[in-house]
Amino acid sequence: MKRLLAVTLGILTAFGGFVDIGDLVANAVVGSRFGMSLAWVVIVGIVGICVFAEMSGRIAAVSQRPVFDLVRERMGPRAGLVNLGASFFINVLTLAAEIGGSALALELVTGINYLLWVPPVALVAWLVMWRVKFETMERVFGLAGLALVVFIVALWQLGPDWGELTTQLVRPPQDEGVPTYLYYAIALLGGAMTPYEVFFFSSGGVEEKWTRKDLVTARANVFVGFPLGGVLSLAIAACAATVFMPVEAEPGSLGQMVLPVAEGLGKVGLGVVILGVFAATFGATLETALSSGYSLSQYFGWQWGKYVVPGRAARFHVTVLASVIVATALILTTIDPIKVTEYSLVFSAAALPLTYLPVLMIANDPDYMGAKVNGRFSNVLGSFYMVLLLVVALAAIPLMIATKAGQ
Amino acid sequence: MNEHARVLHARLHLLDRQVVRESDDRLLCKVDDLEVRPGDRPYVTAILSGPLALGPRLGGLPGWLMTETDRLFRGEARPGPYRIDMSLVTDVGSAVRVAGHPQDLALERWLTRNVVGRIPGAAGTPEQDAPESTAQDVPENTAGDASEKTLRVREREEDRPDTMRLGGLLGRTVRGPSGEVAGDTADVRLVQDGPLLAEVRQAFRLAGLLIARRRAGRLFGYERGPGLWRPSLLGALVRRMHGEIRYAEWDQIESLDDDEVRLGVAWDRLRSTADL
Numbered sequence: 117m118k119r120l121l122a123v124t125l126g127i128l129t130a131f132g133g134f135v136d137i138g139d140l141v142a143n144a145v146v147g148s149r150f151g152m153s154l155a156w157v158v159i160v161g162i163v164g165i166c167v168f169a170e171m172s173g174r175i176a177a178v179s180q181r182p183v184f185d186l187v188r189e190r191m192g193p194r195a196g197l198v199n200l201g202a203s204f205f206i207n208v209l210t211l212a213a214e215i216g217g218s219a220l221a222l223e224l225v226t227g228i229n230y231l232l233w234v235p236p237v238a239l240v241a242w243l244v245m246w247r248v249k250f251e252t253m254e255r256v257f258g259l260a261g262l263a264l265v266v267f268i269v270a271l272w273q274l275g276p277d278w279g280e281l282t283t284q285l286v287r288p289p290q291d292e293g294v295p296t297y298l299y300y301a302i303a304l305l306g307g308a309m310t311p312y313e314v315f316f317f318s319s320g321g322v323e324e325k326w327t328r329k330d331l332v333t334a335r336a337n338v339f340v341g342f343p344l345g346g347v348l349s350l351a352i353a354a355c356a357a358t359v360f361m362p363v364e365a366e367p368g369s370l371g372q373m374v375l376p377v378a379e380g381l382g383k384v385g386l387g388v389v390i391l392g393v394f395a396a397t398f399g400a401t402l403e404t405a406l407s408s409g410y411s412l413s414q415y416f417g418w419q420w421g422k423y424v425v426p427g428r429a430a431r432f433h434v435t436v437l438a439s440v441i442v443a444t445a446l447i448l449t450t451i452d453p454i455k456v457t458e459y460s461l462v463f464s465a466a467a468l469p470l471t472y473l474p475v476l477m478i479a480n481d482p483d484y485m486g487a488k489v490n491g492r493f494s495n496v497l498g499s500f501y502m503v504l505l506l507v508v509a510l511a512a513i514p515l516m517i518a519t520k521a522g523q
Numbered sequence: 002m003n004e005h006a007r008v009l010h011a012r013l014h015l016l017d018r019q020v021v022r023e024s025d026d027r028l029l030c031k032v033d034d035l036e037v038r039p040g041d042r043p044y045v046t047a048i049l050s051g052p053l054a055l056g057p058r059l060g061g062l063p064g065w066l067m068t069e070t071d072r073l074f075r076g077e078a079r080p081g082p083y084r085i086d087m088s089l090v091t092d093v094g095s096a097v098r099v100a101g102h103p104q105d106l107a108l109e110r111w112l113t114r115n116v117v118g119r120i121p122g123a124a125g126t127p128e129q130d131a132p133e134s135t136a137q138d139v140p141e142n143t144a145g146d147a148s149e150k151t152l153r154v155r156e157r158e159e160d161r162p163d164t165m166r167l168g169g170l171l172g173r174t175v176r177g178p179s180g181e182v183a184g185d186t187a188d189v190r191l192v193q194d195g196p197l198l199a200e201v202r203q204a205f206r207l208a209g210l211l212i213a214r215r216r217a218g219r220l221f222g223y224e225r226g227p228g229l230w231r232p233s234l235l236g237a238l239v240r241r242m243h244g245e246i247r248y249a250e251w252d253q254i255e256s257l258d259d260d261e262v263r264l265g266v267a268w269d270r271l272r273s274t275a276d277l
């Protein structure tokens, strides 16, 4: 019974913690411009993150080695350093976007300009990472993120033309060019498969001292929690497709992205969705900030993690603090958080294979995994995604330049 | 050779792995490089870590920056890298576990004392600054020193006398007896049948080099038997990149001068890795 509760709680946490500012922005923008015609990418992305996270979670449970240990060990110091540079850069960019997102949510509630909210949000986030236990931290914000389920309810209330939404699935709008379509496909994939999610998931497994016995929990989180999060992503896109597409508007701010909920459910809905957005972005602030500490520490072999007191992981905590400061400074330059998000998504997609390949290799290495190596099914899927991610990585930056970032 | 001696590939199984202190599971450092005592039967004497070990392996501008920054903050005239004697190693698995009380690296101690320890709620006590590594001296090589076939390697002045670094053996051009390029060193095969380090532990002896026909960097573990070429697509790709991989026993190597490896026998007479 206790075990069942733990598994359920884990699933709910994964569900609520799945959506972050990247998924919110990508799905709302894509929904308004392309309707549901890119829904297949979300599904490809969800299956991809499941394959990726399951392998890294299994490795963490069996060998206690988190993802960036694997990167350094299998790719060596040079390729590992390139990966570290890219991942760290994307991480800080995403962190900045998440801090901005939380501040924007607070602006929606209070009417006070988000820039004034940025420093307190960053400070509180750092305090949470400094003092609060890992499990408590993950649970509270994961569960609060469940408020975003209101997007599904709102979609129901909006009473969209379901037939129309279904036709959109296979028919992209005629007025958008193919490169733009592909560019947004990559952004959506980047939103579903962000490298920090895997750093955080596997390091979290080590923080919670997973062993072989916890493989069930790990798999339940991945195979139930993540797809439920994906349904949420699709609901966000469908809401945007229903409200914005007919009037040819593109939501350019967080306030506009939550409008469909207000339209469907009124003030109460709006309150709930803002709470959800805040929980999701604040939770992701913690995840990205910790991930920057995880990746740097794991590359250099430093003691990391919240399972020891801060004074016993000095370099790790200094890294986390420094990335929070840099990200806060970046957002305070009044750079648009939504734009930062869009760029970080595409860079994420470009950097993904660097992290994916060593995980795929080690998940097949019996020296590490013993009998828990990948089965045939995992390897067929794993190889498919290897090819896909390589193609996406090569195409991402050229497409970004060719389409002037989707304009 | 002892039939049951453990066999490792240095780059695959040892280099870049996490070092964990056995007494309290503390993560100490990475195996940034290995210290080797050369001679007829060279063997691994210590794990090297920190910027002064990682920097030279990285090479280029990042490596140079790393080593020079570290030197700047070190008081000693010729600072050496952080060193853990191989006699302390108790297990080589997904991490390398070490016994005893090797202390944290200098940066961690400094930050604990001066930054993190000063923030309320850190609740960590900095470790005592013990005198530099108390590890005993490396035992003298016992076997085969008489013939004095010196395998000289470019030595770093900060290294201990009569030692070399294993990282320097990787990625070297290999030439056959007549000077033609045969390939590239891809890994070093270690066999645990060297001299006794602790009462029961033998040292890892450098048994030979794995040589890839084409210069393509790491083997990622795909040099091992066909049963391990999974997923098959990735395995096939990596093996194609490297061309044929062969194994040169240590006594098939003529010299290690000038950052190259000169073989004493022709490529065709080397063993194929499938026989290993």
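Going line by line, the protein sequences match chains A and B.
The first sequence begins at 117 in my numbering and counts up one residue at a time.
The second sequence begins at 2 in my numbering and counts up one residue at a time.
Even glycine gets a Cβ: it sits at the ideal position worked out from N, Cα and C.
Confirm, please, whether the CB-CB distance from residue j to residue i is below 9 angstroms.
i	j	result
Pro193/A	Leu59/B	yes
Met583/A	Leu235/B	Residue 583/A lies beyond the stretch modelled for chain A, which goes from 117 to 523, so this question has no answer here.
Gly261/A	Ala395/A	yes
Asn143/A	Leu350/A	yes
Leu171/B	Arg12/B	yes
Asp34/B	Leu49/B	yes
Ser408/A	Asn207/A	yes
Gly118/B	Ala429/A	no
Leu209/A	Ala443/A	yes
Gly138/A	Ala238/A	no
Trp268/B	Gly177/B	yes
Val239/B	Gln253/B	no
Cys355/A	Gly380/A	yes
Leu282/B	Ala100/B	With chain B covering 2 to 277 only, the question about residue 282/B has no answer from this structure.
Gly216/A	Ile447/A	yes
State the DSSP-derived secondary structure class of residue i, mapped to helix, strand or coil.
i	result
Ser273/B	strand
Glu255/B	strand
Gly145/B	Confidence at Gly145/B is low in this model, with a pLDDT of 37, below 50, so its placement is unreliable and the value that follows should be read with caution. Correct three-state label for Gly145/B: coil.
Val525/A	Given a span of 117 to 523 for chain A in the structure shown, any question on residue 525/A remains unanswerable.
Gly184/B	strand
Arg75/B	coil
Pro514/A	helix
Gln137/B	With a pLDDT of only 39 at Gln137/B, under the threshold of 50, the placement of this residue in the model should not be trusted; the figure read from the coordinates follows. Gln137/B falls in the coil class under three-state DSSP.
His433/A	helix
Ala221/A	helix
His10/B	strand
Val154/B	Summary for Val154/B: the model assigns pLDDT 47, below 50, so the residue's position carries little reliability, and this model does not support an answer.
Tyr44/B	strand
Ser439/A	helix
Pro52/B	helix
Gln203/B	strand
Just the Cα atoms here: how many angstroms apart are residue i and residue j?
i	j	result
Ser95/B	Ser179/A	6 angstroms
Leu304/A	Arg75/B	48 angstroms
Met485/A	Thr124/A	27 angstroms
Ala130/A	Leu271/B	53 angstroms
Val135/A	Ile268/A	13 angstroms
Ser218/A	Leu243/A	16 angstroms
Thr252/A	Pro182/A	21 angstroms
Met242/B	Ile165/A	28 angstroms
Glu149/B	Arg38/B	For Glu149/B, the predicted model reports a pLDDT of 35, less than 50, meaning its position is unreliable; a value from the coordinates is still stated below. When rounded, the distance between both Cα atoms is 13 angstroms.
Gly321/A	Phe500/A	26 angstroms
Gln203/B	Gln419/A	29 angstroms
Leu259/A	Gly491/A	33 angstroms
Glu175/A	Ala334/A	Before going on, a small fix: residue 175/A reads as Ile here, not Glu. Near 11 angstroms, if we compare the C-alpha coordinates of Ala334/A and Ile175/A.
Ala136/B	Thr91/B	Low per-residue confidence applies at Ala136/B: pLDDT is 41, beneath 50, and the placement is therefore not dependable, though the value from the model is reported in the following sentence. Taking the straight line joining both Cα atoms gives about 15 angstroms.
Arg214/B	Ala249/B	13 angstroms
Ala511/A	Ala521/A	13 angstroms
Starting from residue i, follow its DSSP beta bridges and name the residues at the other end.
i	result
Gly169/B	DSSP lists no partner for Gly169/B.
Glu261/B	Thr174/B
With a threshold of 8 angstroms, establish whether the CB of residue i neighbours any heavy atom of the ligand SAM.
i	result
Gly399/A	With respect to small molecules bound, the structure shown includes none, and the ligand SAM cannot be examined in it.
What residues in the segment 105-119 of chain B have a beta carbon less than 7 angstroms from any beta carbon of chain A?
Per Cβ criterion, the list reads Leu108, Glu109, Leu112, Thr113, Val116, Val117, Gly118.
Please list the residues of the segment 201-224 of chain B that have a C-beta atom closer than 7 angstroms to any C-beta atom in chain A, keeping them in chain order.
Those residues of the segment 201-224 of chain B that come within reach of chain A (Cβ to Cβ, closer than 7 angstroms) are Arg219, Phe221, Gly222.
Near-chain A residues of the segment 17-28 of chain B - C-beta to any C-beta below 7 angstroms:
Residues of the segment 17-28 of chain B with a C-beta atom less than 7 angstroms from some C-beta of chain A are Asp17, Arg18, Gln19, Val20, Arg27, Leu28, listed in chain order.
Chain A contacts from the segment 77-99 of chain B (Cβ-Cβ distance under 9 angstroms)
Within the segment 77-99 of chain B, contact with chain A at the beta-carbon level (separation under 9 angstroms) is assigned to Gly94, Ser95, Ala96.
Mind listing which residues of the segment 449-477 of chain A have their C-beta closer than 9 angstroms to chain B's C-betas, in chain order?
Answer in chain order: Leu473, Pro474, Leu476, Met477.
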